[in-house]
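So the sequence shown is residues 241 to 607, counted in the UniProt record's numbering.
C-beta atoms are modelled at their ideal positions from N, C-alpha and C, and glycine is treated no differently.
Note sheet for the following structure.
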Amino acid sequence: ELISKGNHRHYMLKEIYEQPIVVAQTLRSYLQRMEERVTLPIPEFDLSSIKRVTIVACGTSFYAGMVAKYWFEQFARVPVDLDVASEFRYRAPVMEPGGLALFISQSGETADTLAALRHARSEAQTIAVVVNVPTSSMAREADLLLPTHAGPEIGVASTKAFTCQLAVLAALAANLARAKGKLKPGEERDIVRHLAEAPAALNGALAYDEAIQAMAGVVAGARDVLYLGRGTDYPLALEGALKLKEISYIHAEGYAAGEMKHGPIALIDENVPVIVIAPSGPLFDKTVSNMQEVQARGGKVVLISDYDGIQAAGENCVATITMPKVHPLIAPLVYAVPVQLLAYHVAVAKGTDVDQPRNLAKSVTVE
Ligand code: G6P
Numbered sequence: 241e242l243i244s245k246g247n248h249r250h251y252m253l254k255e256i257y258e259q260p261i262v263v264a265q266t267l268r269s270y271l272q273r274m275e276e277r278v279t280l281p282i283p284e285f286d287l288s289s290i291k292r293v294t295i296v297a298c299g300t301s302f303y304a305g306m307v308a309k310y311w312f313e314q315f316a317r318v319p320v321d322l323d324v325a326s327e328f329r330y331r332a333p334v335m336e337p338g339g340l341a342l343f344i345s346q347s348g349e350t351a352d353t354l355a356a357l358r359h360a361r362s363e364a365q366t367i368a369v370v371v372n373v374p375t376s377s378m379a380r381e382a383d384l385l386l387p388t389h390a391g392p393e394i395g396v397a398s399t400k401a402f403t404c405q406l407a408v409l410a411a412l413a414a415n416l417a418r419a420k421g422k423l424k425p426g427e428e429r430d431i432v433r434h435l436a437e438a439p440a441a442l443n444g445a446l447a448y449d450e451a452i453q454a455m456a457g458v459v460a461g462a463r464d465v466l467y468l469g470r471g472t473d474y475p476l477a478l479e480g481a482l483k484l485k486e487i488s489y490i491h492a493e494g495y496a497a498g499e500m501k502h503g504p505i506a507l508i509d510e511n512v513p514v515i516v517i518a519p520s521g522p523l524f525d526k527t528v529s530n531m532q533e534v535q536a537r538g539g540k541v542v543l544i545s546d547y548d549g550i551q552a553a554g555e556n557c558v559a560t561i562t563m564p565k566v567h568p569l570i571a572p573l574v575y576a577v578p579v580q581l582l583a584y585h586v587a588v589a590k591g592t593d594v595d596q597p598r599n600l601a602k603s604v605t606v607e
């Protein structure tokens, strides 16, 4: 094989470990560190007339898009429509002229996403694509090509492409916000500084690999696992559940923490581990109160938070995973690492084919 696994047992693990470097590499095209400005690969591309953004993708790329929806709305105050490509294409979506249609894809070849792109083109949308393969079909058909520089991703379950997509999308949100005049003085500088901290924070997250491996047994024996998060950690919960399903074949669901009381709480007992993704920040207390509802019903909680969060709420958890304390903007990138590593170690414990899980393909070219 052309690309080696290096010292790693699987491509997936190698790709998880590459994240600090490839995210830094990706950010280089989107941040002007000296000027403390965000930029685009086509700096003159004018985003000021964008009235609406439609985000479409599949799988892990869709969850990156879901995080981006929070950012575009929060920073740029632009309404965002978001859908999986296989639904978008067939639901007669309304796209007013002047909209930006944004497609996110590692491969740039996923058939549903490509079909959705062509549909948006026929509806007079400006086409932006976030892709990892710069020679792909989607890259060729874009008006605004936003490459991720993750390098080739071999593991079927996407890891480093996801965090690189998040890096690009955060920068795009900031570019859009500036173009729309929505950034407060100093805000662009702060965004650049926070994003520039992501590679070191990803390294900090990787330092907990052994601790995650040591607690993977809590999950490996389970038949069902629930992941909870709020805000941009909600898509992370969905991504965590997807990773676990993909490579360990354990049934897992991601849920918005506040929505748990409307159904999934009925599933809670001592046999269902609940992974709570809750960095310190404005939503922490709310998530913790949802977590306590789980604990009150005998649920076994694994809390992923930073030191302060674990000090405040880790007491009755069966396990805790400590992350570096980071600004909420980069938390989705940093918290991707423990959910990836947890899925990885559970899969290894179960002896599955981590890089080539059954029934899954790296790039899905059928609709
Ligand atoms: C497949 C892969 C996933 C990926 C999804 C979307 O299902 O197994 O890892 O997230 O396709 O792929 P794309 O290349 O469009 O990001």
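Near the ligand G6P: residue i beta-carbon under 7 Å from a heavy atom
i, result
"Leu357", "no"
"Leu478", "no"
"Ala397", "yes"
"residue 188", "Shown here, the chain extends from 241 to 607; a query on residue 188 therefore has no answer."
"Gly299", "yes"
"Ser603", "yes"
"Thr353", "yes"
"Thr350", "yes"
"Leu600", "yes"
Buried or exposed by the 16-neighbour rule on C-beta atoms within 10 Å, applied to residue i
i, result
"Lys291", "exposed"
"Ala410", "buried"
"Asp473", "buried"
"Ser345", "buried"
"His502", "exposed"
"Arg470", "buried"
Range covered by the beta strand (DSSP E) that runs through residue i
i, result
"Pro513", "Pro513 to Ile517"
"Ser545", "Lys540 to Asp546"
"Phe467", "According to the sequence provided, residue 467 is Tyr. The question's Phe does not apply to it. Counting along the chain, the beta strand (DSSP E) containing Tyr467 begins and ends at Asp464 to Gly469."
"Ser369", "This sequence places Val at residue 369; Ser is not what is there. Val369 -> beta strand (DSSP E) spans Thr366 to Val371."
Contact set for residue i: own chain, Cβ-Cβ below 6 Å, skip 5 residues either direction
i, result
"Ser269", "Pro281"
"Arg429", "Glu276"
"Val528", "Ala553"
"Pro260", "Pro439, Leu442 and Asn443"
"Thr403", "Gln259, Val263, Leu573 and Ala576"
"Glu241", "The predicted position of Glu241 is uncertain, since its pLDDT is 49 and thus under 50; no value can be drawn from it."
Other residues of its chain near residue i: CB distance less than 7 Å, five sequence neighbours each side excluded
i, result
"Phe524", "Ala518 and Gly549"
"Phe312", "Val293, Val318, Val320, Ala413 and Leu416"
"Leu600", "Val396 and Glu486"
"Leu322", "Ile295, Gly305, Met306 and Lys309"
"Leu354", "Ser377 and Met378"
Terminal residues of the alpha helix (DSSP H) in which residue i lies
i, result
"Ile344", "No alpha helix (DSSP H) holds Ile344; the beta strand (DSSP E) holding it covers Gly339 to Ser345."
"Pro578", "Ala571 to Lys590"
"Tyr489", "Run containing Tyr489: none; DSSP gives neither H nor E here."
"Met455", "Asp449 to Met455"
"Met563", "No alpha helix (DSSP H) contains Met563, which is instead part of the beta strand (DSSP E) from Ala559 to Met563."
"Arg418", "Lys400 to Ala419"
"Val334", "Counting along the chain, Val334 falls outside any alpha helix (DSSP H), and DSSP gives it neither H nor E."
"Ala445", "Ala438 to Leu446"
Within-8 Å CB hit, residue i to chain C
i, result
"Asn247", "Of the chains in the structure shown, none is chain C; there is only one protein chain."
Residue i CB to nearest heavy atom of the ligand PLP below 7 Å
i, result
"Tyr251", "Annotation note on the ligand PLP: not contained in the displayed structure, which lists the ligand G6P as its ligands."
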